[in-house]
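Q: Before anything else, here's the structure in question.
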Amino acid sequence: MLFSSSSATTRRNGVILVIVSAAVFSTAGVFTNGVSTDAWGVIFWRGAAAAAFTLMYLTMRGQLGTEMRAFGKPALLVTGMMAAGTAAFIPAFKLTGVANVALIYAAAPFVTAALSWVLIKEVPARAVLIASVAAFCGVLVIVSGSVGHGSLKGDALALFMTLMMAGTMVVYRARPDTTAALPAALSSVVLLPVAWIFGDPMAVLADELPILIGFGLVFAVASVTLSEGARRLPSTETALLSALEVPLAPMLAWVILTERPAVQTIIGGMIIFSAVVWSQTRRTAAISAGR
7 MLFSSSSATT
17 RRNGVILVIV
27 SAAVFSTAGV
37 FTNGVSTDAW
47 GVIFWRGAAA
57 AAFTLMYLTM
67 RGQLGTEMRA
77 FGKPALLVTG
87 MMAAGTAAFI
97 PAFKLTGVAN
107 VALIYAAAPF
117 VTAALSWVLI
127 KEVPARAVLI
137 ASVAAFCGVL
147 VIVSGSVGHG
157 SLKGDALALF
167 MTLMMAGTMV
177 VYRARPDTTA
187 ALPAALSSVV
197 LLPVAWIFGD
207 PMAVLADELP
217 ILIGFGLVFA
227 VASVTLSEGA
237 RRLPSTETAL
247 LSALEVPLAP
257 MLAWVILTER
267 PAVQTIIGGM
277 IIFSAVVWSQ
287 TRRTAAISAG
297 R
């Protein structure tokens, strides 16, 4: 059995799933800015591939019927927020730098903490709060090297995406029985007609289509692992772990797209990474001590 009912095992699996999701999500900027296809074209082909991969996965495992029967109002809410987040996420990369989008997403722990506190009365652990403050300091360091280089519209879209992802994490924490894979697939499906109307998906270059299909597979994996991890962890901790994407995304953009990050981005990323590692060490020690 993959997931044990014990608290420690459940949390460990949740941590692993969210870390995997963050690592996979960090490639989004490389995929988006690595092609000349416009934002709506990327949304269409990535969405079509992601939905197809996810639905095939559910069908092969015989879980499609189960997911459909379990699809309720929370899953519908998640579908809407994931679709809205995607509609903002991809254009954000086209309008501002990968580092800008990643560092703005680092605000997710604070947005999630606020929503969790207000909506489901979940008070964050002290270690998570301290790590969140440290991560915020890392964000400030990154911003200090990015001021004047980003697009206001792109930054605003990245902030909206962060709000949608934070809302998704809170829903899964409040209703852990909410299905994970089907909402991820449907969030891509609902955007297909929108992308068709506002864009021209058929204009995609033939040599870029395999890249976009690969992006769809990556997105499918990242969405499902995030949803599965979020139901096993406090929502603020999920958001904090997801912040690992912040240092990874600019580094990948530097290596693959030659988008060289500022020195402040590297330093800030190291602060965020250290904050996440420290918080996880403290939480593991607390659980082991039975606190």
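Position in the sequence shown (first residue = 1) + 6 = our numbering. Every residue, glycine too, gets a C-beta built ideally from N, C-alpha and C.
#1: Are G91 and M175 close, meaning C-beta to C-beta below 8 Å?
#2: Taking only the alpha-carbon atoms, compute the straight-line gap between T15 and V24 and give it to the nearest angstrom.
#3: Out of W260, I277, L250, T242, which has the shortest C-alpha to C-alpha gap to A131?
#4: Whose CA, out of R17, N19, S27, R18, lies closest to the CA of L232?
#5: Can you list, in chain order, the residues of its chain with a C-beta nearer than 7 Å to that of L121? Leave out the 5 residues immediately preceding and following it.
#6: Rounded to the nearest angstrom, what separates L250 and I136 at their Cα positions?
#7: Are I277 and G103 closer than 8 Å when you measure CB to CB?
#8: If you count every other CB in all the chains shown that lies within 10 Å of the CB of R75, and 16 or more means buried, which is it?
#9: Roughly how many angstroms lie between the CA atoms of T72 and V269, to the nearest whole one?
#10: Can you have a look at A113 and say buried or exposed, based on whether 16 or more other CB atoms are within 10 angstroms of its CB?
#11: Output the distance between the C-alpha atoms of V224 and I96, rounded to the nearest integer angstrom.
#12: Using CA coordinates, which residue listed in I110, K127, F77 is at the minimum distance from S248?
#13: Along the alpha helix (DSSP H) that carries S194, what are the first and last residues, could you check?
#14: Tell me whether S42 is buried or exposed, calling it buried when 16 or more other Cβ atoms sit within 10 Å of its Cβ.
A: According to the structure data:
#1: no
#2: 14 Å
#3: T242
#4: S27
#5: A172, G173, V176
#6: 16 Å
#7: The Cβ-Cβ distance between I277 and G103 does not fall below 8 Å.
#8: Label assigned to R75: exposed.
#9: 49 Å
#10: buried
#11: 14 Å
#12: I110
#13: 187–195
#14: The residue in question, S42, is exposed, as its Cβ has fewer than 16 Cβ neighbours within 10 Å.
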